[in-house]
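In our numbering, the protein residues as written are 2 to 478.
Encoded as structure tokens, the structure appears first; notes follow it.
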């Protein structure tokens, strides 16, 4: 990315040896005190826990919807689960991946403490960029039936999903708005209110979903409307919180300034989507591969995949918190402290990853029994779970170090590593091990373990080798 100056926002660049060192407010070269580092680390852990809880509650809206819809019929269960999978890898991905730009750029502006209304300008840029991106996604949702049939999805499931997604589409805007407002608050170090809002809507979602699905008899479509309504309610409550309570100092109203540097901002948004999407899409492709193996491998894959998705929430939340904290410290000019936080974040996820790995190994027989009573499915899941356990540490390292790279402007570096790990290594290796070497489901997860280990270690060593004193914050063109 090339940059020059105006007042549209801030972005970190890829630096050459000739890049001049520009000092920021604060003593960037001074040593840091142990107490200061510990204090910042405590803030990081708190932010990671709060963010993770928020993502879990957000995910629970869909999980509850699927469970309630599943009581109607197996067909409705399939429609709901398949439709939410499409939503996760399209619109939700655009919303969450796009907010990584607010994470890094907004936190840097907040750290500088100069004209924090620029955070509001970034929010406006996000709304414009993501709205444009959502148009083709919404169109795809509304007319996906024939496309899914061409991909050999059963006709009933394909057109049932199309109906479900058409009902969900108007509410997807609420999801996008809430995700943006949540990041708007988080980059100002206001972490708890969005999570509290999600707690309230998650609780309310249960009776509303039951009412629409079972009492009123709207079936799967009723579940989509109920959950979608919670997205809009969350967005409205977040807006009211900002308007009446806190966070509004970073908003000075709509401005033409949001059009300045919009193309550069769109690139950052796109790279954020690719960075996260590379992993999400790869896991879905591998799930399709498991389905091709038959009913038992597909069922075992569902149990393992669901468990891993829940366990991945903490590394993902820690990665978001790492981006926010390092970008803020960069904005303050405290590069030594930023470097220490990057190291501490890696230590945090190594510890949590080891605990997760041990839990998966110790309870690898009990966990599948939560999902099914089928002995064949349980036995296969028990066989494969050690491979899922094997990459828990690497998954954490990848998440937090990708967050650190985003914070210092090296978004394309993280995206390229993920693309290489999943599409040059994992997916080809999955085909070879699972289908050619006849390792079956184990082959899929061995491939994931190897690729995630490569990605996690690569990003860890790249962050460890950064010359933090030469990293500067430049203004956009």
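All residues carry an ideal CB built from backbone N, CA and C; glycine is no exception.
Only a predicted model underlies this, so the values are computations on that prediction, with no experimental measurement involved.
Segment limits, alpha helix (DSSP H) that includes residue 167: As a working note, residue 167 is residue 166 in the chain shown. 156-187 is the extent of the alpha helix (DSSP H) around residue 167.
Run through DSSP, which three-state label would residue 190 get? Locating residue 190 in the chain shown gives position 189, where the first residue counts as 1. Looking at residue 190 - three-state DSSP - the assignment turns out to be coil, as it is neither helix nor strand.
Would you call residue 377 buried or exposed, if buried means 16 or more other Cβ atoms sit within 10 Å of its Cβ? Stepping through the chain shown from its first residue, residue 377 is reached at position 376. Exposed, by the Cβ-count rule.
Along the chain, where does the alpha helix (DSSP H) containing residue 57 start, and where does it finish? Here the question's residue 57 lines up with position 56 in the chain shown. Unbroken alpha helix (DSSP H) run through residue 57: 35-71.
Taking 8 Å as the threshold, find out whether the region 423-436 comes into contact with the region 352-371 through three or more Cβ pairs. In short, these stretches do not touch, since the Cβ pair count stays below three.
Using a Cβ-Cβ cutoff of less than 6 Å, which residues in the same chain neighbour residue 420 once the five nearest sequence positions on both sides are dropped? Residue numbering aside, residue 420 sits at position 419 when the chain shown is read from its first letter. Counting only Cβ-Cβ distances below 6 Å, and skipping sequence neighbours, we find 279.
In angstroms, rounded to a whole number, what distance separates the CA positions of residue 363 and residue 405? As a working mapping, residue 363 is identified with position 362 in the chain shown. As a working mapping, residue 405 is identified with position 404 in the chain shown. Computed Cα separation, rounded: 32 Å.
What runs of the alpha helix (DSSP H), each 4 residues or longer, lie entirely inside the region 254-320? 263-292, 296-312
Would you call the CB atoms of residue 192 and residue 51 closer than 8 Å? Locating residue 192 in the chain shown gives position 191, where the first residue counts as 1. Locating residue 51 in the chain shown gives position 50, where the first residue counts as 1. In this structure, residue 51 lies closer than 8 Å to residue 192 by Cβ.
From residue 424 to residue 118, what does the alpha carbon distance come to, in whole angstroms? Position 423 of the chain shown, counted from the start, is the residue given in the question as residue 424. Position 117 of the chain shown, counted from the start, is the residue given in the question as residue 118. Roughly 40 Å between the two C-alpha positions.
Distance between residue 443 and residue 384 (C-alpha atoms, nearest Å): Here the question's residue 384 lines up with position 383 in the chain shown. Here the question's residue 443 lines up with position 442 in the chain shown. Computed Cα separation, rounded: 8 Å.
Quick one: measure Cβ to Cβ for residue 81 and residue 224, integer angstroms, because I've assumed they're closer than 8 Å. By 1-based counting over the chain shown, the position of residue 81 is 80. By 1-based counting over the chain shown, the position of residue 224 is 223. About 6 Å separates the two Cβ atoms, so the contact holds.
Helix, strand or coil at residue 87 [DSSP, three-state]: Translated into the one-based positions of the chain shown, residue 87 becomes position 86. In the structure shown, residue 87 adopts helical secondary structure according to DSSP, grouped into three states.
Do residue 460 and residue 402 have their C-beta atoms closer together than 8 Å? Counted from its first residue, the chain shown places residue 460 at position 459. Counted from its first residue, the chain shown places residue 402 at position 401. Cβ atoms of residue 460 and residue 402: closer than 8 Å.
Considering only residues of the same chain and omitting the five flanking positions on each side of residue 21, which have a CB-CB separation below 7 Å? As a position in the chain shown, residue 21 is number 20, starting the count at 1. Because the pLDDT of residue 21 is 33, which lies under 50, any placement of that residue in the model is unreliable, and the number read from its coordinates should be weighed accordingly. Within the same chain, residue 21 has no close Cβ partners at all.
Residue 211 versus residue 69: straight-line alpha-carbon distance, rounded: Residue mapping note: residue 211 aligns to position 210 of the chain shown, counting from 1. Residue mapping note: residue 69 aligns to position 68 of the chain shown, counting from 1. Whole-angstrom Cα-Cα distance: 6 Å.
From 149, 237, 160, residue whose alpha carbon lies closest to that of residue 177: Locating residue 177 in the chain shown gives position 176, where the first residue counts as 1. The shortest Cα separation from residue 177 among 149, 237, 160 belongs to 237.
Exposure label - residue 204; buried when at least 16 CB within 10 Å: Your numbering for residue 204 matches position 203 in the chain shown. Classification of residue 204: exposed, given that the 10 Å Cβ count is below 16.
For residue 186, count the other beta carbons within 10 Å of its own beta carbon; 16 or more makes it buried, fewer makes it exposed. Which is it? What you label residue 186 is simply residue 185 of the chain shown in a count that begins at 1. Residue 186 comes out buried.
Rounded straight-line distance, which links the Cα of residue 447 to that of residue 125: Within the chain shown, the letter at position 124 stands for residue 125. Within the chain shown, the letter at position 446 stands for residue 447. So the two alpha carbons sit approximately 43 Å from each other.
Below 8 Å between beta carbons: does that hold for residue 382 and residue 109? Here the question's residue 382 lines up with position 381 in the chain shown. Here the question's residue 109 lines up with position 108 in the chain shown. Going by C-beta atoms, residue 382 is not nearer than 8 Å to residue 109.
Determine the DSSP secondary structure at residue 144, reduced to helix, strand or coil. Looking up residue 144 in the chain shown gives position 143. Residue state for residue 144 is assigned as coil, using DSSP reduced to three classes.
For residue 17, which three-state DSSP category applies? Here residue 17 refers to the residue found at position 16 of the chain shown. With a pLDDT of 38 at residue 17, under the threshold of 50, the modelled position of this residue cannot be trusted; read the value that follows with caution. Here residue 17 sits in coil by DSSP.
Assuming residue 432 is part of the alpha helix (DSSP H), what are its boundary residues? Taking the chain shown and counting its residues from 1, one reaches residue 432 at position 431. Note, residue 432: premise wrong, no alpha helix (DSSP H); not H, not E.
Tell whether a beta-carbon distance below 8 Å holds between residue 331 and residue 112. Here residue 331 is taken as the residue at index 330 of the chain shown, counted from 1. Here residue 112 is taken as the residue at index 111 of the chain shown, counted from 1. Yes, these two residues count as a Cβ contact at 8 Å.
By DSSP, does residue 409 sit in helix, in strand, or in coil? Within the chain shown, numbered from 1, the residue matching residue 409 stands at position 408. If DSSP states are grouped into helix, strand and coil, residue 409 belongs with coil.
Please report how far the alpha carbon of residue 161 lies from the alpha carbon of residue 295, in whole angstroms. What you label residue 161 is simply residue 160 of the chain shown in a count that begins at 1. What you label residue 295 is simply residue 294 of the chain shown in a count that begins at 1. Going from the Cα of residue 161 to the Cα of residue 295 covers about 23 Å.
Residue 289 vs residue 45 beta-carbon contact at 8 Å: What you label residue 289 is simply residue 288 of the chain shown in a count that begins at 1. What you label residue 45 is simply residue 44 of the chain shown in a count that begins at 1. No, the pair does not count as a contact, with Cβ atoms beyond the cut-off.
Are three or more beta carbon pairs between the region 72-86 and the region 156-172 nearer than 8 Å? Segments in contact, yes.
For residue 230 and residue 302, I'd like the C-alpha separation in whole angstroms. As a first step, residue 230 is located in the chain shown; it is residue number 229 there, counting from the start. As a first step, residue 302 is located in the chain shown; it is residue number 301 there, counting from the start. Computed Cα separation, rounded: 31 Å.
Simplified DSSP state of residue 374, which is helix, strand or coil: Here residue 374 refers to the residue found at position 373 of the chain shown. Looking at residue 374 - three-state DSSP - the assignment turns out to be coil, as it is neither helix nor strand.
Classify residue 465: buried if its beta carbon has 16 or more other beta carbons within 10 angstroms, exposed otherwise. The residue labelled residue 465 in the question sits at position 464 within the chain shown. Residue 465 is exposed by the Cβ-count criterion.
State the Cα-Cα distance for the pair residue 482 and residue 298, rounded to the nearest angstrom. In the structure as shown, the chain begins at 2 and stops at 478. Residue 482 is therefore absent and cannot be evaluated.
Which of helix, strand or coil DSSP assigns to residue 470: For the purposes of this step, residue 470 is taken as residue 469 along the chain shown, with counting starting at 1. Here residue 470 sits in helix by DSSP.
So, using beta-carbon positions, are residue 415 and residue 276 closer together than 8 Å? Here residue 415 corresponds to residue number 414 of the chain shown, with the count starting at 1. Here residue 276 corresponds to residue number 275 of the chain shown, with the count starting at 1. Yes, the Cβ-Cβ distance between residue 415 and residue 276 is below 8 Å.
When the distance is taken between beta carbons, is residue 354 closer than 8 Å to residue 397? Residue numbering aside, residue 397 sits at position 396 when the chain shown is read from its first letter. Residue numbering aside, residue 354 sits at position 353 when the chain shown is read from its first letter. At the C-beta level, residue 397 and residue 354 come within 8 Å of one another.
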